[in-house]
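**Student:** Handing you this structure, nothing more for now.
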Amino acid sequence: IQSLQKQHEDELVDFETRGADVISDLEDTITSLQKEIMEGKMGNEESVSKMQQELSRANMEHDRLARIITEHERKGAEQEEKIEALRSYGKQRKEEAKTLQNELARVQDACENDIRE
């Protein structure tokens, strides 16, 4: 009986030792996995941070280009107004020139008629 009790106790100690080893291995594995998860999260956070920075730079570039386009459109509209003003001035001067030419032709005719008489 003592021999069986000793054998049983030895088996229990062996079982407890193996159980403790398994528990220790599981704890190490859990710690390792948690570390990998944290590193993965940090890697993801870095990627997200980089993407946010790139998005921010892209938005700033978009805004800059939008301002440039708006400025070009404003200048184009100003130039169109100036061109239209010059066209109007040119038409007005052309009308004045025609009027003066007609007046000159009338005066010349009147002079020629006076000379004939």
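First residue of the sequence shown? That's 1241 in the working numbering, and the numbers climb one at a time after it. Every residue gets a Cβ at the ideal spot worked out from N, C-alpha and C, and that includes glycine.
I need the straight-line Cα distance from glutamate 1313 to glutamate 1324, nearest angstrom please.
**Tutor:** Straight-line Cα distance between these residues: approximately 16 Å.
**Student:** DSSP state of isoleucine 1241, grouped into three classes?
**Tutor:** Here isoleucine 1241 sits in coil by DSSP.
**Student:** Quick check: what's the CA-CA separation for glutamate 1285 versus threonine 1257?
**Tutor:** Glutamate 1285 and threonine 1257: Cα-Cα distance of roughly 41 Å.
**Student:** Compute the Euclidean distance between the alpha carbons of arginine 1346 and alanine 1337, then round it to the nearest angstrom.
**Tutor:** Roughly 14 Å separates the two Cα atoms.
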